[in-house]
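So the sequence shown is numbered by our numbering: it starts at 7 and just counts up by one.
Note that the Cβ used here is the ideal one computed from N, Cα and C, for glycine as well.
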Amino acid sequence: MIFTGLNVRQTAPYGLLILRVVLGIAFLIHGWSKFSGGVGGVAGFFTSLNIPAPELVAYIVSIVELVGGALLIVGFLTQLASILLFFDMLGAILFAFLMRGQPFVENGAISWEKEAVFAAAALCIFLAGPGIWSIDDTVFKARPRTRTT
7 MIFTGLNVRQ TAPYGLLILR VVLGIAFLIH GWSKFSGGVG GVAGFFTSLN IPAPELVAYI
67 VSIVELVGGA LLIVGFLTQL ASILLFFDML GAILFAFLMR GQPFVENGAI SWEKEAVFAA
127 AALCIFLAGP GIWSIDDTVF KARPRTRTT
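Here it is, written out as structure tokens:
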């Protein structure tokens, strides 16, 4: 390890806190913008992508991003929120980019890097947990935990 004095086991929960809160803010803003701009516009975009039930999917995506972002910020139901947000971004990558034939890099421009980073971050939070200072950490800390090692 390069930083020999850094104990990753002690600092990892703080790293997860930072990732969880920043990602939560980003998703909250994206969800809020969908509602403030009108979910009908999102549904129209989904119609152009040939997504089935575009109005229903537009509301689901908007709610998942708004509520999921808020849940990440406070760290409540973190794993549920993060896996839903992961699938939200996976759907965006699949339907908005890949099914339209848009590669990751085209003519020197990157097309869906933001969605890929958001998906990866959400998956990391799902796998690693909420980190410190979360409602989940407070609620589930009182429960007995099993060790696998």
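Leaving aside the five residues that flank Y20 on each side, the residues in its chain whose CB is nearer than 8 Å to its CB run, in chain order, G137, I138. A straight line joining the alpha-carbon of A59 with that of A127 spans about 28 Å. Residue state for A59 is assigned as coil, using DSSP reduced to three classes.
Using a Cβ-Cβ distance cut-off of 8 Å, the region 79–88 and the region 96–110 are not in contact, since fewer than three pairs of beta carbons, one from each stretch, lie closer than that value. Nearest Cα to E119 within the set I24, F103, L129: F103. Residue pairing by DSSP places V111 opposite I116 in a beta bridge. Just so you know, the alpha carbons of T53 and I24 end up roughly 36 Å apart. H36 is the residue among I116, H36, V145 whose C-alpha sits nearest the C-alpha of V73. Going by DSSP, A87 is part of the alpha helix (DSSP H) stretching over 84–97.
Annotation: W139 is outside any alpha helix (DSSP H) and is labelled neither H nor E by DSSP. Burial check for S42: the Cβ neighbour count within 10 Å stays below 16, so the residue is exposed.
Residue environment for L86: exposed (fewer than 16 other C-beta atoms within 10 angstroms of its C-beta).
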